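Going from the sequence shown to our numbering is simple: count from 1 and add 13.
Glycine included, C-beta positions come from ideal geometry on N, C-alpha and C.
Since the model is a prediction, treat every value here as computed from it, not as a measurement.
Here is the structure we will look at.
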Amino acid sequence: MAKKINAANDLIGAEANLGAALVSLDRYNEALPVLKEVEKKSVENNYRNFLYSVYESLGDVFANQEQYAEAEIYYRKGLELTQKASRKEQEAVFYRKLAKNAFNTGNYKLSYEFLDLSKQISDTLLNEENSRQVNEMAAVYETGEKEKRIEKLNGDNQVSVALAQRRKKERNYFILASVLFLGMAVLAYRAFAANKKKKEQLAVQNSVIEKALKEKGFLMKEIHHRVKNNLQVISSLLKLQSHYIKDEQALEAVKDSRNRVQSMALIHQNLYQDDNLAVIDVNDYTSKLCDNLFQSYNIHPSKIKLIKEIEPINLDVDTLIPLGLILNELVTNSLKYGFPDGKAGAIKIELKESGNILTLKVYDNGAGLPADFETKYKTTFGYKMINAFIQKLKGEIKVFTDDGAKVEITLTNYKLPVV
């Protein structure tokens with residue numbers, strides 16, 4: 014009976030994992046019936062452990078399809094379940110889900126309240142963890158004191174211990190001789206048996222490795238999906254904050270920060286949407302990044318033309334994230350300062366690899382850099398960030414001001430993906 018229950022439990026767990034994987038792949042029509050069936054079985058069999066993830070995945074299915082009312086129903090079901098079971102970490106997750114859902118419906122006040130509740134729970138968990146660590150340190154101290162007392166008692170009984178050790182050695186010698194004789198016989202048998210089982214073990218190991226690789230792929234996609242979602246939440250919070258900012262300079266800084274966050278979110282989005290988790294198409298990423306910037310500054314592509322000459326290069330995430338932030342800053346500067354008063358023009362982006370050197374060029378035919386560029390712009394956060402990334406990637410930057418603005422960057426410490 015117990016085996017049947019465990020088998021049913023494992024089957025429901027596998028179906029729950031399948032549903033979550035389908036959601037992470039944006040295959041919502043396939044995920045919905047699977048998750049509904051898991052919900053039904055879990056309720057019938059009182060398997061609460063699966064209901065947490067099922068309600069979260071069902072909420073994501075509807076939220077990602079902009080069916081926010083349905084999404085809220087399942088997020089609240091999950092919240093109620095975690096509260097009854099005192100599952101604080103998962104309770105905080107559902108509050109964050111509800112906050113994002115409320116934000117998407119325009120209910121910013123409710124979104125803030127949910128975020129505040131999530132933060133309170135997270136702070137409580139952090140305090141509990143700190144208390145646990147303090148108690149562990151106290152236990153370690155007490156253990157050290159006990160060990161000192163034991164050492165003192167051992168010193169008082171050295172004579173008895175020495176006698177016991179001598180008798181123990183004599184007994185061990187006899188046992189060792191017997192074990193060696195028996196061991197030789199056992200080794201001979203094991204050598205025979207090991208040769209027979211070797212092929213079977215290799216087959217099992219290959220199967221386990223293949224399964225582990227598949228599971229790793231699903232997990233990595235889920236991780237990149239969650240990172241992208243978290244970055245989107247940060248971007249949404251920055252957008253929400255911008256509604257309450259009156260100072261133009263501060264508002265511009267918040268917008269720049271949102272664009273930087275979006276440039277990183279695009280990378281993780283490409284990773285979880287592509288079957289190959291190690292490869293990112295730089296040309297495709299550049300197009301999406303520039304589309305976001307054009308939309309952010311309300312610029313129609315017919316007004317400012319984007320020209321790309323990008324070699325078919327695939328870069329590692331550790332290289333593409335700083336490179337994406339650099340490109341974000343350069344294109345942003347061209348859009349903000351290169352074409353004042355609605356002036357038309359063009360921005361050109363070149364990227365190529367030659368002789369272990371990666372070269373990025375961004376230039377426009379706009380108004381060009383101001384005369385006080387050296388004294389003003391080089392002190393800004395954006396320029397300092399660009400220089401920090403260039404130093405990390407062991408590169409150089411050159412700036413030209415003829416017929417617009419032109420920036421040329423060469424990098425030597427870049428990584429290609431290991432396929």
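Put residue i into one of helix, strand or coil per three-state DSSP.
i, result
"Gly-417", "coil"
"Glu-322", "strand"
"Ile-410", "strand"
"Ile-317", "strand"
"Asn-272", "helix"
"Thr-423", "strand"
"Asp-385", "coil"
"Lys-428", "coil"
"Gln-146", "helix"
"Asp-260", "coil"
"Ile-280", "helix"
"Ile-188", "helix"
By DSSP's criteria, residue i is part of a beta bridge. Which residues make up the other side?
i, result
"Ser-367", "Ile-370"
"Asp-377", "Ile-360 and Ala-418"
"Asn-327", "Asp-294"
Mind checking which residues open and close the alpha helix (DSSP H) that includes residue i?
i, result
"Pro-335", "330 to 350"
"Ser-55", "41 to 58"
"Asp-297", "295 to 309"
"Glu-102", "101 to 117"
"Gln-404", "394 to 405"
"Lys-355", "Before going on, a small fix: residue 355 reads as Gly here, not Lys. From DSSP, Gly-355 is part of no alpha helix (DSSP H); its letter is neither H nor E."
"Lys-97", "81 to 98"
"Leu-64", "61 to 77"
Classify residue i as buried or exposed, calling it buried when 16 or more other Cβ atoms lie within 10 Å of its own Cβ.
i, result
"Gln-96", "exposed"
"Val-51", "buried"
"Ser-315", "exposed"
"Val-147", "exposed"
"Met-277", "buried"
"Ile-370", "exposed"
"Ala-29", "buried"
"Ser-367", "exposed"
"Gln-218", "exposed"
How many angstroms separate the CA atom of residue i from the CA atom of residue j?
i, j, result
"Asn-59", "Leu-45", "20 angstroms"
"Gly-168", "Ile-188", "29 angstroms"
"Phe-413", "Pro-430", "32 angstroms"
"Phe-307", "Ala-105", "35 angstroms"
"Ser-309", "Thr-392", "24 angstroms"
"Tyr-376", "Ala-357", "14 angstroms"
"Asn-445", "Lys-374", "Nothing can be reported for residue 445, as the shown portion of the chain is limited to 14 through 432."
"Asn-140", "Lys-161", "32 angstroms"
"Asp-385", "Gln-80", "52 angstroms"
"Ala-115", "Leu-123", "6 angstroms"
Is the beta carbon of residue i within less than 6 angstroms of some heavy atom of the ligand PLP?
i, result
"Leu-123", "By its list of ligands, the structure shown contains no ligand whatsoever, and the ligand PLP lies outside what it can speak to."
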